[in-house]
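Read top to bottom, the protein sequences are chains F, B and C. All you need for our numbering is the position in the first sequence, starting with 1, plus 107. All you need for our numbering is the position in the second sequence, starting with 1, plus 107. All you need for our numbering is the position in the third sequence, starting with 1, plus 107. Using N, Cα and C, we set each Cβ at its ideal position, and we do this for glycine too. Predicted, not measured: the structure shown is a model, and the values here were computed from it. Worksheet: one structure, shown below.
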Amino acid sequence: MEETLLTANNIWMMVCTGLVFFMHLGFSFLEIGLTRQKNTINILFKNVFIICIGLLIYCFVGFNLMYPGSFIGGVLPDYFIDLFGLSLPEDGLTTAYADGGYTYWTDFLFQGMFAATAATIVSGAVAERVKLTSFMLFSVIYVGIVYPIAGSWKWGGGFLDEWGFYDFAGSTLVHSVGGWAAIVAVYLLGSRIGKFGKDGKVNAIPGHNIPMATAGVLILWLGWFGFNGGSVLSADPGATSLTLVTTCLAAAAGGISSFISSTIMYKNYDLTMFLNGILGGLVGITAGADQMTPTDAIIIGLIAGVIIVFGVALVDKLKLDDPVGAIAVHLICGIWGTLAVGIFGAMAGMDQFLIQLAGVAIIGAFCIVSAFIILFTIKKTMGLRVSKEEELEGLDLHEHGGMEAYPDFRMNQH
Amino acid sequence: MEETLLTANNIWMMVCTGLVFFMHLGFSFLEIGLTRQKNTINILFKNVFIICIGLLIYCFVGFNLMYPGSFIGGVLPDYFIDLFGLSLPEDGLTTAYADGGYTYWTDFLFQGMFAATAATIVSGAVAERVKLTSFMLFSVIYVGIVYPIAGSWKWGGGFLDEWGFYDFAGSTLVHSVGGWAAIVAVYLLGSRIGKFGKDGKVNAIPGHNIPMATAGVLILWLGWFGFNGGSVLSADPGATSLTLVTTCLAAAAGGISSFISSTIMYKNYDLTMFLNGILGGLVGITAGADQMTPTDAIIIGLIAGVIIVFGVALVDKLKLDDPVGAIAVHLICGIWGTLAVGIFGAMAGMDQFLIQLAGVAIIGAFCIVSAFIILFTIKKTMGLRVSKEEELEGLDLHEHGGMEAYPDFRMNQH
Amino acid sequence: MEETLLTANNIWMMVCTGLVFFMHLGFSFLEIGLTRQKNTINILFKNVFIICIGLLIYCFVGFNLMYPGSFIGGVLPDYFIDLFGLSLPEDGLTTAYADGGYTYWTDFLFQGMFAATAATIVSGAVAERVKLTSFMLFSVIYVGIVYPIAGSWKWGGGFLDEWGFYDFAGSTLVHSVGGWAAIVAVYLLGSRIGKFGKDGKVNAIPGHNIPMATAGVLILWLGWFGFNGGSVLSADPGATSLTLVTTCLAAAAGGISSFISSTIMYKNYDLTMFLNGILGGLVGITAGADQMTPTDAIIIGLIAGVIIVFGVALVDKLKLDDPVGAIAVHLICGIWGTLAVGIFGAMAGMDQFLIQLAGVAIIGAFCIVSAFIILFTIKKTMGLRVSKEEELEGLDLHEHGGMEAYPDFRMNQH
């Protein structure tokens, strides 16, 4: 019986792993859709690179750093880190491993897919002006070291876990970790040429392929079935199905409230805001998806949708140029979702709220400092930003041998 | 053992739920692919709206209306409908619920994904000229009230179920329900400017992105693995796998026969017809996917493919302007599939055929009347159709603040 | 217990079947993305045709030809082949069938999805100049007869299986079978007009939609979860999860090594090479995905990535015009992966290596001869290639009644 249950659990976790992998297509579509065609190859290159290097780095370093007897906890890893990182424990394929929720191999792959996500979030925010090599270097370090250390404090059984900090699927540990780096990177990089006029006017730079951006969001929503559903770490019928319900209701509510607020504020039906509202709802529910009732989930989503509309405006006001809205979606809604665990659902309470706040602050401080050190060092050595000429003519022309994303199509210049 | 079987069943149903969700991307791609670029944002907005509001409305009202002791049956709902609709029954996460096929949460989410589909079908038929707010209002009412009432008559254990009417996964209850509203809406809206010449000539208005339309159909086919496979309501190995086989064979046969018939009729290889033939095969098998042999499925698909070719021509002849072929695909093949249950497979027989016919007629009458009342009222109050200027210049320009789907690309005007 | 395990196993196999089906969207996106817009409808038509006819043909002929008591083994099929090919064995839905790994219906559908893949591989290599009817005829014969015969020698328990030849998921039996036909077809067809200058110069013909090509590769990667994960033929937790890990690591390593080698050779960041490197890694691991450690998988992938860079250059040097790199990816990496089973992992050894080599050679000879006979006959009767005028103006214009893939967009002529 146990064996069969392991088989069933492991199937669910493998399906979820595939869905989280598929989120990378969602991110890719979203990011290229919301930026200009002249930088499309460059963005795709970054995203494909992150998936590949993210998995390899996580295999070499991250997985062992994040989980067993954390390095930050001051002890050596529990078992030998062999040359290529993965070393099957004796019980790794049995029901004794991970309470029979999945095998050691599934464990690695599911977590590895998560790891790459954090860097991908940054990728959207720095698009259209970051130097490819600099970004690649940053993402290797961030995925390989910063993400797993932060993760180990909670998911690896570290001090935040001991304090009772709760982050079910990573509103803080994935989305904010990516979001903090995004805000630091955007600050250090500066805005794209033309985004902010001399008079302080904000100029919209429209994305070149809105159907792709929309597809990206729907693919991300589907991916979240795996991101949250898999974070149950087994196929427990009650927990997984509740998680999918809260996830979908929060997404729907986030979209609707973002659509309504933005329609009231801007007097037109803004599809991009609608889409970011959905993502905000998804990020917002992620910290407590297994702790909420459907009603809680809808309220969390509704608030996340409003946050998105004001968050995007705020980021603009701060003269931070975030082409895809990554800061509002992943950072601000990530914080909101983490705090919401202390306000709604089964764990609500002032103590919990304060612990959630502490977790947000500690992870935030760690990520800001880490991202700043890495990115500032890169800026002072290799440089972070492409030349003005390259930015104006497009990164595809300069970094990718003139490869065009759509060579058969006639383009407008801008 | 029972617990483990519930876990396995529930995994399958959650996977199917994800696949049905993914169909919304398929519908979106299909609809924008087969229409003009100037209305792309508008169509995407509608589709994203339907997913979000569909889930929320179904949570508030639809699920309780459709399933437990139907309202139409004249009795009050079996259990208290709380403010937000969902109320976990005591046994909702145990093997006692739904014969151990899935949990209460999965039940809601799977059915909720279905509900939104019916409105999406309409969306394609009314594209490029319907007023956004009017369509949104219509879809809220249709998904929230009409769809669940019709559904309750069969799937909620209502009178059609008692009569022995059979509709496995919704040839009638989903596809025709959408299709009837589509034909009413198209009739009330009128055709797009330029579609029918004064001399009665039918002018093709080519879709602007055929690769996306093709992707939409392949995504829909994949989604049908969940639509039909999940309608087994458990992971029963024999029933689910037979269902996938009949579904895929009918789709393949529908495509091939549609391709051959249209090649004979029009002397060229028409990709759109091929694609609609696949969809016709899928809709056609849906009513009896678990009752057919592979041979039956192929024959049903072959006939559906021919129906598509003649159906599309018939709709044109009736001067009904259906940009994506929704009426031929969802209504006509939905009827065909429902009747086919009385002709082929395990339930074939004259009695069954007549019951199927009665079901088609009753649901049809109910949907036509409901859709007419809702849409006629909207037409006389808010209006159904955008202005001539808006239609000519594109709905994206007028309803979405001038947001363009592809601002970097140079376009032909038409 | 057994029943529940069958249910779980069958769920996994159905999910994998869906994923392999989804690969056809990946192939479609990849092929149209890497070719010119003027042939897009034509390529999509081919691919959609292959899925549909592939399933039907495999149902009529292929499945029975490939598996039960092979025809090539000189005996009649074990059981009656009825008119439509599928005939449920008495135990076909019980745990007695296929060691309880799946049902008879799942067996057929999973294998049927594989079958169509082989022809799709050819489709990419012959794109932009092959006659549609000729290609359709070829693919019917190849999928219906050649593929299942070759497959029966190993997977049907034929002589290669008896010799100990190993090909887990089809580096040889699927990818090389497709790849050999591709090279024969490309040779017989000749290169596209303009590909090779009179001075021997190779002119790059850029693909028209690189985002779609990228999406295609990510979809294919996801599909490989099912392609390799399903080839375990059950949901055995250890074997399936190891397979997913080796598959993903090989893909990632293939991408990274291809990116690095091509950057060194060509001094720019070539996204297409990166993408083909990922595919090369995937094809390379396919023969031994269940036999390798993660370390082995990374090495196999790294080598595959380098092979891709040199393979693409070699194919160009041989004046073979393969628009999508199918020969390097599927044929050369398919051979590499098959041989790698004799070099790395649990089966490594000189004897095994020689058996692998023999298998590669025998299947290669059979496929080359078969493909040559079929294609040469077609060439001499119906013709293989479109007219020069048709090629220059685009196949969409001539074979598809002037249907355009993107009629609203302004295009460059080339």
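In this structure, F/F221 sits away from F/V168, with a CB-CB distance that is not shorter than 7 Å. Chain F places a beta carbon closer than 7 Å to that of B/V155, counting this residue as a contact. The CB of C/Y513 comes closer than 7 Å to the CB of H315, N316 in chain B, given here in chain order. Counting only runs of at least 3 residues, the segment 457 to 519 of chain C fully encloses no beta strand (DSSP E) element at all. Annotation for F/G330: L126, V127, F129, M130, G133 place their beta carbon closer than 7 Å to its own, counting only its chain and skipping 5 residues before and after. At a cut-off of 7 Å between beta carbons, F/R299 makes no contact with chain C. Cβ contact annotation for C/Y249 (same chain, cutoff 8 Å, sequence separation greater than five): A225, A226, V229, A288, S477, A478, I481, in chain order.
A check of alpha carbon separations from B/P401 across C/Y211, C/Y513, C/G307, C/G265 identifies C/Y211 as the nearest.
The three-state secondary structure of C/V309, taken from DSSP, is strand.
Of the residues assessed, C/D206 falls on the exposed side of the cut-off, its CB having fewer than 16 other CB atoms within 10 angstroms. Unbroken alpha helix (DSSP H) stretches of 4 residues or longer found wholly inside the segment 306 to 378 of chain C: 317 to 336, 344 to 373, given in chain order. By the Cβ-count criterion, B/F136 is buried, with 16 or more other Cβ atoms from all chains shown falling within 10 Å of its own Cβ. DSSP places F/F381 in the helix class (H, G or I) of the three-state scheme.
When the five nearest sequence neighbours on each side are left out, the beta carbons in the same chain lying within less than 8 Å of the beta carbon of F/A435 are those of N383, G387, I414, I415, G418, V419, L421, V422, D429, in order along the chain.
With a 10 Å radius around the Cβ and a threshold of 16 neighbouring Cβ atoms, C/K424 comes out exposed.
When DSSP reads this structure, B/V237 sits in a beta bridge with B/R492. Setting aside the 5 residues that flank it on each side, B/W270 is surrounded in the same chain by I462, A465, G466, each with a C-beta closer than 8 Å to its C-beta; the list follows chain order. Closer than 7 Å to the CB of B/H505 there is not a single CB belonging to chain F. Using a Cβ-Cβ cut-off of 7 Å, F/P344 is close to L113, T114, N117, L200, T210 of chain B, given in chain order. DSSP, read as helix, strand or coil, puts F/F275 in coil.
Residue environment for F/N154: buried (at least 16 other C-beta atoms within 10 angstroms of its C-beta). A straight line joining the alpha-carbon of F/L349 with that of F/P514 spans about 47 Å. Taking every protein chain shown into account, the CB of F/R143 has 16 or more other CB atoms within 10 angstroms, so this residue is buried. Proximity of B/L193 to chain F, defined by a Cβ-Cβ separation below 7 Å, is satisfied. The shortest CA-to-CA distance from F/G219 to any of F/L499, F/C159, F/G304, F/V448 is the one to F/C159.
At a C-beta separation below 9 Å, F/S135 has these neighbours in chain C: P318, T321, A322, L325. The beta carbon of B/I290 does not come within 7 Å of any beta carbon belonging to chain F, so the residue lies off that interface. Judged by DSSP in its simplified three-state form, B/F417 adopts helix. Contact annotation for F/I410 against chain B: no contact, minimum CB-CB distance about 15 Å [criterion: below 9 Å].
Secondary structure at C/F134: helix, using DSSP grouped into helix, strand and coil. B/F303 is bridged by DSSP to B/V309. F/S278 places its beta carbon less than 7 Å from that of F/G444. Identification of chain B residues near C/L389 by a Cβ-Cβ cut-off of 9 Å yields none; the smallest Cβ-Cβ distance measures about 20 Å. Excluding five sequence positions before and after B/I442, the CB atoms of its chain that fall closer than 7 Å to its own CB belong to S283, V467, given in chain order. Only those residues of the segment 225 to 257 of chain C whose C-beta falls short of 8 Å from the nearest C-beta of chain B are listed: L239.
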